[in-house]
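Trainee: Have a look at this one.
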Amino acid sequence: MARVVIYSEDVDYIKTAVSYFANENTIAISNKESHFTDELHLLDDIKEDFIANYIVSLNPEIVITGSTKRDKTIAGAVAGLMKVPIVPDVIELSGNVAKRVVYSGMGIAEIEFSYPAVLTITKKPVDVKEKETKVVKVQTREEKIKRVEVKSKGESSVDLSSAQIIVSVGRGIGSKENIKYAEELANALGAALGGSRPITAELGWLPEDRQIGLSGNKVKPKLYIALGISGQPQHLAGIKDAKIIVAVNKDKNAPIVENADYTIVGDAIEFCKVMTEKVKKK
Amino acid sequence: MNTVTCFKIVPDDTLIKIVGDKLDLNVPPKISTYDKNAIEEAVRIKEKFGGKAIGVTAGNTDRKSIREALAMGLDEVIAINMKEQDVMSTAEAVAEAISSIKPDIILTGESTTDSSGSVFPSYLASLLGYPFITYAKSISIESNKVRVERNLTTFQEVVEANLPVVISVVGEINTPRIPAVKQILESSKKPVKTIDFNKQPKVKIAKVSPYVISRKKVVIEGKMDEAVDKLLSYLSQEGVL
Numbered sequence: 001m002a003r004v005v006i007y008s009e010d011v012d013y014i015k016t017a018v019s020y021f022a023n024e025n026t027i028a029i030s031n032k033e034s035h036f037t038d039e040l041h042l043l044d045d046i047k048e049d050f051i052a053n054y055i056v057s058l059n060p061e062i063v064i065t066g067s068t069k070r071d072k073t074i075a076g077a078v079a080g081l082m083k084v085p086i087v088p089d090v091i092e093l094s095g096n097v098a099k100r101v102v103y104s105g106m107g108i109a110e111i112e113f114s115y116p117a118v119l120t121i122t123k124k125p126v127d128v129k130e131k132e133t134k135v136v137k138v139q140t141r142e143e144k145i146k147r148v149e150v151k152s153k154g155e156s157s158v159d160l161s162s163a164q165i166i167v168s169v170g171r172g173i174g175s176k177e178n179i180k181y182a183e184e185l186a187n188a189l190g191a192a193l194g195g196s197r198p199i200t201a202e203l204g205w206l207p208e209d210r211q212i213g214l215s216g217n218k219v220k221p222k223l224y225i226a227l228g229i230s231g232q233p234q235h236l237a238g239i240k241d242a243k244i245i246v247a248v249n250k251d252k253n254a255p256i257v258e259n260a261d262y263t264i265v266g267d268a269i270e271f272c273k274v275m276t277e278k279v280k281k282k
Numbered sequence: 283m284n285t286v287t288c289f290k291i292v293p294d295d296t297l298i299k300i301v302g303d304k305l306d307l308n309v310p311p312k313i314s315t316y317d318k319n320a321i322e323e324a325v326r327i328k329e330k331f332g333g334k335a336i337g338v339t340a341g342n343t344d345r346k347s348i349r350e351a352l353a354m355g356l357d358e359v360i361a362i363n364m365k366e367q368d369v370m371s372t373a374e375a376v377a378e379a380i381s382s383i384k385p386d387i388i389l390t391g392e393s394t395t396d397s398s399g400s401v402f403p404s405y406l407a408s409l410l411g412y413p414f415i416t417y418a419k420s421i422s423i424e425s426n427k428v429r430v431e432r433n434l435t436t437f438q439e440v441v442e443a444n445l446p447v448v449i450s451v452v453g454e455i456n457t458p459r460i461p462a463v464k465q466i467l468e469s470s471k472k473p474v475k476t477i478d479f480n481k482q483p484k485v486k487i488a489k490v491s492p493y494v495i496s497r498k499k500v501v502i503e504g505k506m507d508e509a510v511d512k513l514l515s516y517l518s519q520e521g522v523l
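In order, the protein sequence lines correspond to chains A and B.
The numbers in the first sequence follow this note's numbering, run straight up by one, and end at 282.
The numbers in the second sequence follow this note's numbering, run straight up by one, and end at 523.
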C-alpha cells in the first residue's frame, strides 16, 4: 500500500509536494525523471485515463498532483474513481488544513478536510534534498481515449513565473503587428513578454504559454507593465504578487486602474515608443 | 444525440468587492463564464443532430440564470438545491440526478469562476464510468464517435473517443448567443425540475478572507513625454528601475 503518491508532468510540483511530506515514504509518478521521492514510476507517455487507473491501483491514502491542465484532469479522475474528496490549487498545507485562492483571486479560503483525499497544489520555491530513488518504468496503454494528432504551438523558453520585469499586452494593443512595440520595450528593459487570455488563447497573437492570469501563469515580478489590459478578475488573479503594477490604458475607468500602482492614461503604442527611447538613453 | 450540460450559478466575479476586511459576495448571480460556452455547444449540437439538450445546475438555483440557460436553447433544466457543496458532493448530486437520462455527451465548462478548480469534469466522469476529454477547443461528432481538439497550453492534441463521453470546453470554443426576446419568452414554458440534495460536504470552508493587495492607484495624465518622465521617476523611487 502506498500512502503518499505524487503525480505531475512537471518536476517543480513534485518537489513542492515532497516538501509537504518530508518525513513520509513517497512515490512519484511522472513522465519526467527526478530523484526526490523514495520511488519513481517513470511513464513513457501521458494518457490520462490510464494514469488515473494506475494511481488508484496503488491504493494510496494521499494523492498530491500538480496543477497543469492534465495534472488536474488526472486528479479529478483519481478522486472520482476512489470516491474521495478533492481540494484543488492548494497554496499552503498544514495537517488537515489547506489554503486556496477563490473567487477569481479575490479571496483566500481556509479549507478543512480529512484523508483519504486528492489535492492539487501550486508550485513553491522549496529546498528538497535528492535521495536514492528506486525507478520503475511503466508502459502506458491506450484506454478509451485515442490520441490522433499532436500540434505544437511553439513552446518558448521563457519562464514568466520567475521573470523580474514583465511587459504584458491586452486587447488594447490593437493588432498582432503592434506587439512588436511591446517587444521592443521588453528588450530595452530586459523584460519578459506576456499577454492576457484574449491575446493568447483566443486571438493567438502570442503563444499560449505566455498567458498571464488565473488559468495561465501566475507571476511575481518586481515590475509588471500592463498595456491595453482592462483588468478582468481572471487577469488580476495572476498578477497579485507583483511588487509594482503599471497600467497603460486609454480608459481611466478601466478596472485595472484601481488595481495598479501607476496608470498612464493614453495610447499603449505611443507609450511603448516613448518609454523605449527613454529607457535606451539611460 | 442527447446531451446534459452542467452549469454553475455563481456570484458575478466582476462585481465582487472587498469591503473593509470582508469579501462582499452579495452580488447578482450569473451563469459561470465557461459554462455558458458549454450550453452554447450543447445547443449547437442539438441544432445539428437533433435530440434533447438538458441542463443541470447544483448549488445556487437562481431562477433568472436558469431562465437564461433555457432561453439560450436548453430544453429543460434540473435544478439541484444544495446549501453547502464541494466537488465530491456536487458530482454525486449530478450523477444521481441524471442517472436515468443516459446522455451521449455530458458537457461542462473547463472551470468555474468562483472556485476555478477544473477538477469537476473528470471527477463526474469517473463517478459515472464515462471517458473524459478536457479543455476542448472544438468538438466534431460522427456517428457514435467524437473528435476533439484539446487546448493544452504549449500544444494542441486531437483525440477521439466513442460515446458516451464527458467533455469540458474552453472559453475559446464558441461565442455564446444572446437569446432573442422570443426565446426569452418561450423559456418560461420550459420545465424546471427541482431537487434537494443536502449531503454534508467532506471539504469544509472554514473561512474566506479577502485577498487584498493595496495598490497606490496613482493616475498620470497629460502628454506622453511628460507622463513617461514622471513614471520613470516614480519607478526609480520604488527601486524597481
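We put the beta carbon where it would ideally sit given N, CA and C, even for glycine.
Nothing here was measured: the structure is a model prediction, and the numbers come from that model.
1. Which word fits N59(A), buried or exposed, when buried means at least 16 other C-beta atoms lie within 10 angstroms of its C-beta?
2. So V440(B) contacts chain A; which residues on that side make the cut at Cβ distance below 8 Å?
3. Keeping to the same chain, check which residues put their C-beta closer than 8 Å to that of L214(A); ignore five residues upstream and five downstream.
4. Throw me the rounded Cβ distance for the A226(A) and A260(A) pair, which I believe falls under 8 Å.
5. Can you tell me where the alpha helix (DSSP H) holding E378(B) begins and where it ends?
6. If the criterion is Cβ atoms closer than 8 Å, does the pair I46(A) and E9(A) meet it?
7. Quick one: is K250(A) buried, meaning 16 or more other Cβ sit within 10 Å of its Cβ, or exposed?
8. Can we say the stretch 383-390 of chain B touches the stretch 403-418 of chain B, given the rule of at least three CB pairs closer than 8 Å?
9. Please list the partners that N309(A) has in chain B, where partner means a Cβ-to-Cβ separation under 7 Å.
10. In whole angstroms, give me the CA-to-CA distance for Y516(B) and R349(B).
11. Consider the Cβ of K484(B): report whether some Cβ of chain A lies at a distance smaller than 8 Å.
12. Buried or exposed for T435(B), going by 16 or more other Cβ atoms inside 10 Å?
13. So which residues of chain B does G174(A) contact, with C-beta pairs closer than 8 Å?
14. Output, in chain order, the set of chain B residues within a Cβ distance shorter than 7 Å of N259(A).
15. Can you find the residues in the same chain that come closer than 6 Å, C-beta to C-beta, to A186(A), ignoring five residues on each side of it along the sequence?
16. On the criterion of 16 or more Cβ atoms from any shown chain inside 10 Å, does F289(B) qualify as buried, or is it exposed?
17. Taking CB distances under 8 Å as the criterion, tell me whether F50(A) reaches chain B.
18. Using C-beta distances below 6 Å, list every residue in its chain close to K176(A), excluding the 5 sequence neighbours before and after it, in chain order.
19. Just to confirm, is the Cβ distance from E61(A) to P116(A) under 8 Å?
20. What are the uninterrupted segments assigned as alpha helix (DSSP H) that are 4 or more residues long and contained completely in the stretch 209-250 of chain A, given in chain order?
21. Relative to chain B, which residues along the stretch 22-36 of chain A have a C-beta separation below 7 Å, given in chain order?
22. So, for E322(B): in the same chain, excluding its five sequence neighbours on each side, which residues have a beta-carbon less than 7 Å away from its beta-carbon?
Mentor: So, from the data block:
1. Taking the first residue of the first sequence as 1, we reach residue 59(A) at position 59. The residue in question, N59(A), is exposed, as its Cβ has fewer than 16 Cβ neighbours within 10 Å.
2. Position 158 of the second sequence, counting from 1, holds the residue named residue 440(B). By Cβ distance, chain A contributes R147, V148, E149, V150 and K151.
3. Residue mapping note: residue 214(A) aligns to position 214 of the first sequence, counting from 1. Cβ neighbours of L214(A) beyond the five flanking positions: S104, G105, P233, Q234, H235, A237 and G238.
4. Start at 1 with the first residue of the first sequence, and residue 226(A) comes out as number 226. Start at 1 with the first residue of the first sequence, and residue 260(A) comes out as number 260. That pair is a contact at about 7 Å.
5. What you label residue 378(B) is simply residue 96 of the second sequence in a count that begins at 1. Per DSSP, the continuous alpha helix (DSSP H) segment holding E378(B) begins and ends at V369 to A379.
6. The residue given as residue 46(A) occupies position 46 in the first sequence. The residue given as residue 9(A) occupies position 9 in the first sequence. Yes, Cβ-Cβ distance for I46(A) and E9(A) is below 8 Å.
7. If you number the first sequence from 1, residue 250(A) lands on position 250. Under a 10 Å Cβ-count criterion, K250(A) is classified as exposed, with fewer than 16 other Cβ atoms of the shown protein chains found around its own Cβ.
8. yes
9. The question about residue 309(A) has no answer here: the residues shown for chain A are numbered 1 through 282.
10. In the second sequence, residue 516(B) corresponds to position 234, counting from 1. In the second sequence, residue 349(B) corresponds to position 67, counting from 1. When rounded, the distance between both Cα atoms is 50 Å.
11. On the second sequence, position 202 is the one that residue 484(B) refers to. At least one C-beta of chain A is nearer than 8 Å to the C-beta of K484(B).
12. Start at 1 with the first residue of the second sequence, and residue 435(B) comes out as number 153. Result: buried.
13. For the purposes of this step, residue 174(A) is taken as the residue at position 174 of the first sequence. Under the 8 Å cutoff, chain B gives no residues; its nearest Cβ is about 16 Å from G174(A).
14. On the first sequence, position 259 is the one that residue 259(A) refers to. Chain-ordered, the chain B residues with CB closer than 7 Å to the CB of N259(A) read R497.
15. Position 186 of the first sequence, counted from the start, is the residue given in the question as residue 186(A). Closer than 6 Å at the Cβ level, and outside the excluded window around A186(A), lie V167 and L193.
16. Counting from 1 along the second sequence, the entry for residue 289(B) is found at position 7. Classification of F289(B): buried, given that the 10 Å Cβ count is 16 or more.
17. Position 50 of the first sequence, counted from the first residue, corresponds to residue 50(A). So, not an interface residue.
18. Within the first sequence, the letter at position 176 stands for residue 176(A). Counting only Cβ-Cβ distances below 6 Å, and skipping sequence neighbours, we find W205.
19. Residue mapping note: residue 61(A) aligns to position 61 of the first sequence, counting from 1. Residue mapping note: residue 116(A) aligns to position 116 of the first sequence, counting from 1. Yes; because the gap between Cβ atoms is below 8 Å, this pair is in contact.
20. Within the stretch 209-250 of chain A, the runs of alpha helix (DSSP H) at least 4 residues long that lie entirely inside it are, in chain order, 233-239.
21. none
22. Working through the second sequence from its first residue, we reach residue 322(B) at position 40. For E322(B), where only same-chain residues beyond five positions count, the Cβ hits under 7 Å are M354, N456, P458 and R459.
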